[in-house]
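Structure first, commentary second.
Protein chains: 2
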Amino acid sequence: MTFVFNERDGCGKCPIRHRAICARCDDEEMELLEKTKSYVTFEAGQTIVWRGDTLKYFSSVVLGIASLSRTLEDGRTQMVGLLLPSDFIGRPGRETVDFDVTAVTDVTLCRFERKPFERLVEDLPHLSHRVMEMALDELSAAREWMVLLGRKTAREKIATFIEMIVRRDTVPTHDAPRHVLPLTREEIANFLGLTIETVSRQLSLMKKDGIITFSDRRSFVINDLAALQDATGDDADGGVII
Amino acid sequence: MTFVFNERDGCGKCPIRHRAICARCDDEEMELLEKTKSYVTFEAGQTIVWRGDTLKYFSSVVLGIASLSRTLEDGRTQMVGLLLPSDFIGRPGRETVDFDVTAVTDVTLCRFERKPFERLVEDLPHLSHRVMEMALDELSAAREWMVLLGRKTAREKIATFIEMIVRRDTVPTHDAPRHVLPLTREEIANFLGLTIETVSRQLSLMKKDGIITFSDRRSFVINDLAALQDATGDDADGGVII
DNA sequence: CGGTGTATTGATCCCGTTCAACTGTTGTGG
DNA sequence: CCACAACAGTTGAACGGGATCAATACACCG
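Here you go:
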């Protein structure tokens, strides 16, 4: 059922082939990419790059989830983005990394050396257009999240987060639509600009209100999607985040 | 002293010629842009485009300041970006606008019809690379702002805001470094995720602490830049926002 | 002058934080 | 198999920063 990924397979069998930076590339262009790519994996919790490091590689997330975050001197941490399969790490034309990149789950990256990749971006319009398109989408997503961070209540933040998880849970499992929280309470708190206690309390409230049901602490079922969407604070058409 | 802008002048005399999307373009490319550009102005307070509208034009801000914002159903508003001269409006490859764009001051835009511009982006790599570069910078700026919105205190928010105004006030006026707040208290509040009362109080506190001095309600002088930077909550090297 | 809109200041309230105790789960070693 | 340590998560009680409500000050303009 789950997608089996094998590093030996060519790009043709890659699970993110049609969503990642290479989505628009033709066979000829794929050959160039395939020649220079390599895979690397990180265990959950490992830091992939630190803010301030000079960027050695551009990468796409193939499997797993990574996060972008910034920590203030006194330890307060804000997550500024979740990197899901097909998402891209690196800014062509910029030397350094400006946020910490961390593996949230075990992560597999498809990686390119900086210099050769920047040359490819120059040469392959299909590639650079896709990179730009993805950057613009991320920009919109970041701005949507700014609204959440600046103006939403704790309940609205939690509802928006759950709704986001549900919406992009691309794998519609067998019968009951069961979903998994990919983050710990602490990570959720850092994503939403809250404390773990508030996250825990609000999740308990949504449970008590009958909107969601938890089987264990990580996986849940939606009982009342309308009520959930109502609780996000967005208008009907909704903010489309990522 | 101030830059005199005349719509009749060619792009050669344009005040944003070397910072805007056209920064990298050569003479030949400029000719193509010049042929299709037109200028348009908006008065302070006017809405330039509404969220959801289909985008008819791509534009660069030439003079003045515009804002990007989102308003929730119940009226809560979050500003998600300030558009200063040379900043770009529009997402090549996307049909609709996803945030309200409003003129904060009187604004002059250099404007291109959507279809012809998208064709130019396809054809001129210098143009598309600059657009991508600017999008990536804005993405970083948006993420920096997410840290502010999610984790900073009211005082830190105000200090960061003032510091940003000071840092990018490119016009180092005559003798005393006098700066102008381009936004009303309400706009500052919507930018920082605060209420106008809190903004007012924190500005008064910074005044009482001797960090800044107001001549009138819009213009001020920095007395203690170190203390200001200290109050931002960022580490020494600082977050570079826009 | 008053009128209108913006900004400041004060008093009170409340949501989310903080501090703290407890629960539940998992893994390790005797 | 149990003891217990280590850690993630939940729940409670009290606090406090920023919001809310309200009154006042200030600037601009007729």
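So the sequence lines, in the order shown, correspond to chains A and B.
full-length UniProt numbering numbers the first residue of the first sequence as 1 and each following residue consecutively.
full-length UniProt numbering numbers the first residue of the second sequence as 1 and each following residue consecutively.
We put the beta carbon where it would ideally sit given N, CA and C, even for glycine.
**Study point:** Burial state of GLN202(B) (16 or more Cβ within 10 Å)
**Key:** As a working mapping, residue 202(B) is identified with position 202 in the second sequence. So GLN202(B) counts as buried.
**Study point:** Contact set between MET206(A) and chain B, taken where Cβ atoms lie within less than 7 Å
**Key:** Locating residue 206(A) in the first sequence gives position 206, counting from the first residue. None at all; the shortest Cβ gap to chain B is about 20 Å.
Review point. With respect to the alpha helix (DSSP H) encompassing LEU72(A), which residues constitute its N-terminal and C-terminal limits?
Key: For the purposes of this step, residue 72(A) is taken as residue 72 along the first sequence, with counting starting at 1. It is not in any alpha helix (DSSP H) - LEU72(A) carries neither H nor E in the DSSP assignment.
Review point. If LEU127(B) and CYS25(B) are in contact, beta carbons under 8 Å, what's the gap, nearest whole angstrom?
Key: In the second sequence, counting from the first residue as 1, residue 127(B) sits at position 127. In the second sequence, counting from the first residue as 1, residue 25(B) sits at position 25. At roughly 6 Å, the Cβ-Cβ gap stays under 8 Å, so LEU127(B) and CYS25(B) are in contact.
Exercise for review: Could you tell me if GLY81(A) is buried or exposed, where buried requires 16 or more neighbouring beta carbons within 10 angstroms of its beta carbon?
Suggested key: Translated into positions along the first sequence, residue 81(A) becomes position 81. GLY81(A) should be labelled buried.
Review point. Chain A beta carbons: is any one of them nearer than 8 Å to that of PHE117(B)?
Key: The residue given as residue 117(B) occupies position 117 in the second sequence. PHE117(B) does not count as touching chain A.
Practice item. Express the C-alpha separation of PRO15(A) and ALA189(A) in angstroms, rounding to a whole number. Key: Along the first sequence, one-based indexing puts residue 189(A) at 189. Along the first sequence, one-based indexing puts residue 15(A) at 15. Taking the straight line from one Cα to the other gives about 30 Å.
Point to revise | Rounded straight-line distance, which links the Cα of ASN223(A) to that of GLY239(B) | key: Your numbering for residue 239(B) matches position 239 in the second sequence. Your numbering for residue 223(A) matches position 223 in the first sequence. Note that GLY239(B) has pLDDT 49, beneath the 50 cutoff, so the model's placement of it is unreliable and the number below is only indicative. If you take the alpha carbons of GLY239(B) and ASN223(A), they lie about 42 Å apart.
Exercise for review: For PRO92(A), count neighbouring C-beta atoms within 10 Å of its own C-beta (all shown protein chains included) and say buried if the count is 16 or more, exposed if not.
Suggested key: Residue 92(A) sits at position 92 when you count from the first residue of the first sequence. Label assigned to PRO92(A): buried.
Point to revise | Residue-chain proximity (ASP235(B), chain A), Cβ-Cβ < 8 Å | key: Walking along the second sequence from the start, residue 235(B) turns up at place 235. Cβ-Cβ to chain A under 8 Å: yes for ASP235(B).
Point to revise | Inter-residue Cα distance where the pair is GLY150(A) and ASP9(A) | key: Against the first sequence, residue 150(A) aligns to sequence position 150. Against the first sequence, residue 9(A) aligns to sequence position 9. Near 45 Å, if we compare the C-alpha coordinates of ASP9(A) and GLY150(A).
Check your understanding: So, using beta-carbon positions, are LEU55(B) and GLU95(B) closer together than 8 Å?
Key -> As a first step, residue 55(B) is located in the second sequence; it is residue number 55 there, counting from the start. As a first step, residue 95(B) is located in the second sequence; it is residue number 95 there, counting from the start. Yes, they are a contact pair.
**Study point:** Closer than 7 Å at the beta carbon, the chain B residues around MET146(A)
**Key:** Numbered from 1 along the first sequence, position 146 holds the residue referred to as residue 146(A). By Cβ distance, chain B contributes GLN78, VAL80, ALA142, TRP145, MET146, LEU149.
Practice item. Determine the direct distance from the alpha carbon of PRO182(A) to that of ARG218(A), and round the result to whole angstroms. Key: Here residue 218(A) is taken as the residue at index 218 of the first sequence, counted from 1. Here residue 182(A) is taken as the residue at index 182 of the first sequence, counted from 1. Cα to Cα, the separation comes out at about 7 Å.
Exercise for review: Check whether the Cβ of LEU63(A) lies closer than 8 Å to any Cβ atom in chain B.
Suggested key: The count along the first sequence starts at 1 and reaches residue 63(A) at position 63. LEU63(A) does not count as touching chain B.
**Study point:** For PHE58(A) and GLY90(A), believed in contact at Cβ under 8 Å, the rounded distance
**Key:** Reading the first sequence from its first residue, position 90 is the one you call residue 90(A). Reading the first sequence from its first residue, position 58 is the one you call residue 58(A). With a Cβ gap of about 4 Å, GLY90(A) and PHE58(A) count as contacting.
Review point. Does DSSP put GLN78(A) in a helix, in a strand, or in coil?
Key: Residue 78(A) sits at position 78 when you count from the first residue of the first sequence. DSSP places GLN78(A) in strand when its eight states are reduced to three.
Review point. Between GLU187(B) and chain A, is there a C-beta pair that is closer than 8 Å?
Key: Sequence index remark: in the second sequence, residue 187(B) carries index 187 (1-based). With 8 Å as the cut-off, GLU187(B) does not count as an interface residue toward chain A.
Practice item. With distances taken Cα to Cα, identify the nearest neighbour of LYS157(A) among VAL49(A), SER200(A), GLY12(A). Key: Your numbering for residue 157(A) matches position 157 in the first sequence. Answer by Cα proximity: SER200(A).
Point to revise | LEU63(A) beta carbon less than 8 Å from that of THR102(A) | key: Here residue 102(A) is taken as the residue at index 102 of the first sequence, counted from 1. Here residue 63(A) is taken as the residue at index 63 of the first sequence, counted from 1. Going by C-beta atoms, THR102(A) is not nearer than 8 Å to LEU63(A).
Point to revise | Test item: CB-CB of ARG51(A) and ARG70(A) under 8 Å | key: For the purposes of this step, residue 51(A) is taken as the residue at position 51 of the first sequence. For the purposes of this step, residue 70(A) is taken as the residue at position 70 of the first sequence. Cβ distance < 8 Å, so ARG51(A) and ARG70(A) count as in contact.
Check your understanding: chain B beta carbons: is any one of them nearer than 8 Å to that of ARG94(A)?
Key -> Reading the first sequence from its first residue, position 94 is the one you call residue 94(A). Yes, ARG94(A) counts as interfacial toward chain B.
Review point. Name the chain B residues that come within less than 8 Å of GLY193(A), Cβ to Cβ?
Key: The residue labelled residue 193(A) in the question sits at position 193 within the first sequence. Correct list: LEU149, GLY150, ARG151.
Check your understanding: Which value, in whole angstroms, describes the spacing of the CA atoms of PHE99(A) and THR47(A)?
Key -> Translated into the one-based positions of the first sequence, residue 99(A) becomes position 99. Translated into the one-based positions of the first sequence, residue 47(A) becomes position 47. For PHE99(A) and THR47(A), the distance between alpha carbons rounds to 11 Å.
Check your understanding: Which class does ILE241(B) belong to by DSSP, given the choice of helix, strand or coil?
Key -> Counted from its first residue, the second sequence places residue 241(B) at position 241. In this predicted model, ILE241(B) has a pLDDT of only 43, less than 50, meaning its place in the structure is not dependable enough to derive any value.
Practice item. Using three-state DSSP, classify ILE222(B) as helix, strand or coil. Key: Here residue 222(B) refers to the residue found at position 222 when the second sequence is read from its first residue. Three-state DSSP puts ILE222(B) in a strand.
Check your understanding: Taking DSSP as the reference, what is the three-state secondary structure of ALA20(A)?
Key -> Here the question's residue 20(A) lines up with position 20 in the first sequence. Note: ALA20(A) maps to coil in three-state DSSP.
Practice item. Find out if the Cβ-Cβ distance for the pair MET146(B), ALA159(A) is shorter than 8 Å. Key: For the purposes of this step, residue 146(B) is identified with residue 146 of the second sequence, where counting begins at 1. For the purposes of this step, residue 159(A) is identified with residue 159 of the first sequence, where counting begins at 1. No, the pair does not count as a contact, with Cβ atoms beyond the cut-off.
Review point. Over what stretch of residues does the alpha helix (DSSP H) that includes ALA231(A) continue unbroken?
Key: Against the first sequence, residue 231(A) aligns to sequence position 231. Per DSSP, ALA231(A) belongs to no alpha helix (DSSP H) and is neither H nor E.
Exercise for review: Have a look at THR232(B) and ILE162(B) and give me their C-alpha separation to the nearest angstrom.
Suggested key: Looking up residue 232(B) in the second sequence gives position 232. Looking up residue 162(B) in the second sequence gives position 162. Rounded to the nearest angstrom, the two C-alpha atoms are 9 Å apart.
Point to revise | Amino acids of chain B, ordered along the chain, whose beta-carbon sits closer than 8 Å to that of VAL131(A) | key: Looking up residue 131(A) in the first sequence gives position 131. Residues of chain B passing the Cβ test: MET132.
**Study point:** Collapsed DSSP secondary structure at ARG130(B) in the structure displayed
**Key:** Your numbering for residue 130(B) matches position 130 in the second sequence. In this structure, ARG130(B) counts as helix in the three-state DSSP scheme.
Exercise for review: Step through the CB atoms of chain A and report whether any lies within less than 8 Å of the CB of ARG114(B).
Suggested key: Numbered from 1 along the second sequence, position 114 holds the residue referred to as residue 114(B). Chain A, which has no Cβ nearer than 8 Å to the Cβ of ARG114(B), makes this no.
**Study point:** Residue interval of the alpha helix (DSSP H) (run including THR96(B))
**Key:** The residue labelled residue 96(B) in the question sits at position 96 within the second sequence. It is not in any alpha helix (DSSP H) - THR96(B) carries neither H nor E in the DSSP assignment.
Exercise for review: For CYS110(B), name the three-state secondary structure that DSSP assigns.
Suggested key: Here residue 110(B) refers to the residue found at position 110 of the second sequence. In the structure shown, CYS110(B) sits in a strand (DSSP, three-state: E or B).
Point to revise | Cβ pair TYR39(B), GLU7(B) closer than 8 Å | key: What you label residue 39(B) is simply residue 39 of the second sequence in a count that begins at 1. What you label residue 7(B) is simply residue 7 of the second sequence in a count that begins at 1. Contact flag set, yes.
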